[in-house]
Amino acid sequence: MTQRGPGRVLSALDRLEEWPGADRLIEAVKQAVRSVPLGAARDVLHGRPLGHPVHPLLVQVPIGTWLSAAALDLLPGNRRAARVLIGIGLASAVPATAAGWTDWAELHPEQQRVGLVHAVANVAAVSCFAGSLLARLRGREGAGKALGLAGLTAAGAGGALGGHMAYRQASGANHAEDVPHLVSPGWHTIGDVAEFPVGQAVRRHVDDVPVMVVRETENTVHVLADLCSHMSGPLSEGEIGDGCVTCPWHGSVFRLTDGWNVKGPATAPQPSFDTRTVDGRVQARLRHLEAEQDAQGAA
Ligand code: FES
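Per the working numbering, the sequence shown starts with residue 440, numbered consecutively.
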C-alpha cells in the first residue's frame with residue numbers, strides 16, 4: 440500500500456519551523472515584549488486566571504465580527520451595521536494581539552518562527568479592515584468590501600497558522616496533562632529519605648514519569664511532576680524558595696505543597712503527589728488518585 444507523505448502545506452510549515460532566517464528579529468521582538476512592564480496583567484494576558492490561554496478566546500471577537508460584516512455586505516441596507524462590526528473587530532483585536540504576543544514571547548524557537556508569520560498575517564488582516572472601515576467612511580463601499588474580503592483571507596491564513604501552533608506544536612497546551620494517565624494507582628517508593636538533601640530538588644521517577652522531589656524540612660517531602668505544565672521545562676533544575684519552585688525555562692512558579700501555579704506563564708498547575716515515609720523510604724501517590732481510592736474504600 441502506498442503511504443502518502445505530508446502535503447505541501449504541512450511540509451512548508453515544517454520547513455518554516457526549522458528556518459532560522461528571522462531568529463535575530465524574533466529575539467529582538469521577544470526581548471521587547473518581555474520588557475513591557477505589565478506586572479500582574481502579564482499573567483492575565485497569559486490566561487492564568489482562566490486555567491488556559493486567553494488568546495484563542497479573545498480572537499473569536501474580531502474574527503466573528505469581521506465574518507459577520509462580510510455576510511452583511513452580501514445583503515442590501517446593512518452598511519452602517521457592517522461598519523460598526525468592523526469597528527468592534529478592530530477594537531477587540533487590541534487585547535487579542537496583546538495576549539498573543541505575551542504568549543509568543545515564552546515559546547520555543549520553532550513555535551516562534553511560525554508565530555511570527557501568524558502575526559504578520561494578522562497584522563495584514565487588521566490593516567485591511569482598518570482600510571476597509573476608512574474606505575466605507577469615505578463612501579467608497581466597493582473598495583471597503585474588497586478590503587474586507589482581503590482582510591478575511593489574511594485572518595483565515597493567520598488562523599490556520601494559529602491552529603498549527605496550538606495543535607501540532609502544542610503551544611499553550613498543558614504539557615503535564617498526561618501525568619494522571621501514566622502514573623498507576625497506589626504508593627510508589629522513590630528512594631531513601633537520605634537521598635534527598637533538605638532544600639534541594641532531586642529528580643526521580645514514578646513509573647516512567649519524571650518527578651521532582653524536594654525535602655523541605657527534616658520530615659516534609661514534596662513531590663511534583665517534573666516536566667513543567669507550560670512547556671515541559673525540568674522543574675528539578677529550577678530554584679527552590681518560599682515554598683515554591685521556579686521553572687528554569689520561563690520562570691513559572693509552582694507551590695511545592697500542591698503544585699498550584701502561583702505565577703505564569705504556566706496556566707495549568709503541576710500534578711502533585713501525596714508523600715509518606717515508611718521504614719526510612721519515601722513513597723509518593725498521585726494526589727487525585729487518593730480521593731478516588733478513598734471513595735472506593737468507603738463504598
Ligand atoms: S517550561 Fe516555560 S515556565 Fe516552565
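For each residue, glycine too, the CB sits at the ideal point set by N, CA and C.
Fair warning: this is a prediction, and the values are worked out from it, not measured in the lab.
For a test of the three-state rule: what should DSSP assign to L728, helix, strand or coil?
Only weak support exists for where L728 lies, its pLDDT of 48 falling under 50; the coordinates are left without a value.
Got a sec: does ligand 1 put a non-hydrogen atom nearer than 7 Å to the Cβ of A615?
no
I'd like to confirm the pairing. Which residues does DSSP put opposite H627 in its beta bridges?
A723
Considering only residues of the same chain and omitting the five flanking positions on each side of Q550, which have a CB-CB separation below 7 Å?
M604, Q608 and S610
Quick check: the Cα distance between D646 and V533, rounded to an integer number of angstroms?
45 Å
Between which two residues does the alpha helix (DSSP H) containing E456 stretch?
R447 to E457
Take the Cβ of D697 as the centre, count every other Cβ of all protein chains shown within 10 Å, and call the residue buried at 16 or more, exposed below.
exposed
Rounded straight-line distance, which links the Cα of E580 to that of I525
13 Å
Does the Cβ of A451 have 16 or more other Cβ atoms within 10 Å, making it buried, or fewer, making it exposed?
exposed
Would DSSP call A738 helix, strand or coil?
For A738, the pLDDT reaches just 45, beneath the cut-off of 50, and the residue's location in the model is therefore unreliable, leaving the point undetermined.
Please classify S531 as buried or exposed, where buried requires at least 16 neighbouring CB atoms within 10 angstroms.
buried
Please confirm whether any heavy atom of ligand 1 lies closer than 7 Å to the CB of C667.
yes
Taking 7 Å as the cut-off, is the CB of S691 close to at least one heavy atom of ligand 1?
yes
DSSP three-state assignment for F568, whether helix, strand or coil:
helix
Taking only heavy atoms of ligand 2 into account, decide whether any of them is closer than 7 Å to the Cβ of A633.
Here the bound small molecules are ligand 1; ligand 2 is not part of this structure.
DSSP three-state label for L511, please.
helix
Nearest-angstrom Cα separation, counted from P649 out to R724:
13 Å
Could you give the DSSP three-state label for L524: helix, strand or coil?
helix
Work out the CA separation of N561 and L728 for me, nearest whole Å.
Because L728 carries a pLDDT of 48, less than 50, the predicted location of this residue cannot be relied on, and the following value inherits that uncertainty. So the two alpha carbons sit approximately 43 Å from each other.
According to DSSP, which residues form a beta bridge with C683?
G680 and R694
When you compare the CB positions of G672 and H689, do they come within less than 8 Å of one another, or not?
yes
Mind checking who K702 pairs with in its DSSP beta bridge?
V692
Looking only at DSSP bridge pairs, what is S675 linked to?
DSSP lists no partner for S675.
Output the distance between the C-alpha atoms of G583 and M670, rounded to the nearest integer angstrom.
42 Å
Would you call the segment 494-507 and the segment 534-546 in contact, with 3 or more CB pairs under 8 Å?
yes
Kindly indicate the opening and closing residues of the beta strand (DSSP E) around T656.
No beta strand (DSSP E) holds T656; DSSP gives it neither H nor E.
Once DSSP output is grouped into helix, strand and coil, what is the label at L576?
helix
Pull up the distance between the alpha-carbon of E678 and that of C667, whole angstroms please.
13 Å
Three CB pairs or more closer than 8 Å across the segment 509-529 and the segment 567-575:
yes
Are the Cβ atoms of K469 and A585 separated by less than 8 Å?
no
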